[in-house]
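Going by the numbering used here, 132 is the number at position 132 of the sequence shown; the sequence numbering is gapless.
No residue lacks a Cβ here, since even glycine has one placed at the ideal position from N, Cα and C.
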Amino acid sequence: MIIVILRKSRGIWDMDNDSDKKMYLLYHMYEYGEDEDEEIKFLGIYSSEQEASKAMERYYKLAGFREYPKEFFIIDDYVVNEDTHWKEGFVNTADLDQDFEILTDHFNKWLGIDKSPRESWEDNEYYNALCNINEVMYKVRDIRELAEHIQKAWSIWLGDNSKSFDDYIEIAGNVISERFYDKYN
């Protein structure tokens, strides 16, 4: 959802100095549970935090809103004409989950593990090693550098020092072939 605010000819949006440029967005957010969807209701944009607080009190008296604690109301302040969030873009979490599954598939094949990614994540040490690799796979383009990182993660999380460096080069090459580093940079 994109919110666009049109400038009025005279009034609140004719801002002459920086202190006039603040606005306050009021919204209500409810999460259905851990790893569940959240519901966000944008309620209004106000010229002061006091006005946003008054609006919150009005909304809190209404059906639906009064069923939840006041902590579910959020007032965020913004500066008009200033980029505030997502300055470097964003990534869809579904894409990140899919990337992690692809990474896990590569490692499962490399190790001869005949399980789905989700089944293999039940092994905490294996999952933590993959998470550690996942943190760098978007940044590293060099096979040798990634192989060294994988080797270190394998040693730390799994205590496995049985593989040769060529083995780590092989899996690093498979991961790099997915070009994760190009996806979000």
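Query	Result
P117 burial status per 10 Å Cβ neighbour count (16 or more: buried)	buried
H188 classed as buried or exposed, judged by whether at least 16 other C-beta atoms fall within 10 angstroms	Nothing about residue 188 can be reported from this structure: the residues present for the chain run from 1 to 185 only.
Close beta carbons around Y59, own chain, < 8 Å, minus the five adjacent residues each side	L26, H28, L43, F65 and F73
Top-ranked residue by Cα proximity to A153, from D142, V136 and D182	V136
F165 burial status per 10 Å Cβ neighbour count (16 or more: buried)	exposed
E170 CB to nearest heavy atom of the ligand FAD below 7 Å	Within the structure as shown, the ligand FAD is missing, as the structure has no ligands at all.
Alpha carbon of Y46 to alpha carbon of E57, nearest angstrom	14 Å
Own chain residues within Cβ distance below 7 Å of K41, not counting five before or after	Y27 and H28
Reduced DSSP category for G159 - H, G, I as helix; E, B as strand; rest coil	coil
K139 beta carbon less than 8 Å from that of Y181	yes
N- and C-terminal bounds of the alpha helix (DSSP H) containing H106	T93 to L111
Nearest neighbour of V80, chosen from G112, K21 and L158 [CA to CA]	K21
Distance between I150 and W184 (C-alpha atoms, nearest Å)	It should be pointed out that residue 184 corresponds to Tyr in this sequence rather than to Trp. Rounded to whole angstroms, Y184 to I150 spans 21 Å at the Cα level.
Distance between beta carbons of L130 and T104, contact taken as under 8 Å	6 Å
Through-space distance from I176 to R141, alpha-carbon basis	7 Å
Proximity winner among D77, I143 and E38, relative to A52 (alpha-carbon distances)	D77
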